[in-house]
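*Asks:* Sharing a structure with you now.
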Amino acid sequence: AAYAEQEKAKNRALQSETTIELTVTVRRGGNGALGLRMDDNRVVSVSPESNAAEVGILAGDLVWEVNGKSTQGSSFSSLLPGPDSPAPIKLKLRRTRVEGGAEAVEGSVMAVAAVAGS
């Protein structure tokens, strides 16, 4: 057991964390939904067929700004325009990924080069 703990500690030391910031603009679907399931200001899941998925939002992303207003001290949903509003919604996201080590999170970060309305 002690050996396993030493190996885990060694792997953690080899890992590096990178945080990137993204700005995306999303639009509501025909039903007024964004296609995001949130836990406070963190994305829990993204509906695969939604505009949110199309612009590259991923589960785990942290929304830190909605239409220029900080989510610090406010919830994501309280900063959104009403569900009947056709206005695009500009989100600033923080995404953290871990690289290296045997326990590294695999996957790629999708670069969002051009986003409608930004």
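Residue numbers (the working numbering): 23 to 140. Quick reminder that beta carbons are idealized off the backbone N, C-alpha and C, glycines included.
Quick one: grab the DSSP three-state call for alanine 133.
*Replies:* At alanine 133 the pLDDT is 38, less than 50, meaning the model places this residue with poor confidence; the figure from the coordinates comes in the next sentence. In the structure shown, alanine 133 sits in coil (DSSP, three-state: anything other than H, G, I, E or B).
*Asks:* Could you compute how far the alpha carbon of valine 68 sits from the alpha carbon of aspartate 83?
*Replies:* If you take the alpha carbons of valine 68 and aspartate 83, they lie about 10 Å apart.
*Asks:* At which residues does the alpha helix (DSSP H) containing glutamate 76 begin and terminate?
*Replies:* Segment 73-76, the alpha helix (DSSP H) holding glutamate 76.
*Asks:* In angstroms with no decimal places, state the Cα-to-Cα distance between alanine 55 and threonine 40.
*Replies:* Cα to Cα, the separation comes out at about 30 Å.
*Asks:* So the beta strand (DSSP E) arginine 64 belongs to, where does it begin and stop?
*Replies:* That run of the beta strand (DSSP E) goes 64-68.
*Asks:* Which stretch, first to last residue, makes up the beta strand (DSSP E) that contains isoleucine 42?
*Replies:* 38-48 is the extent of the beta strand (DSSP E) around isoleucine 42.
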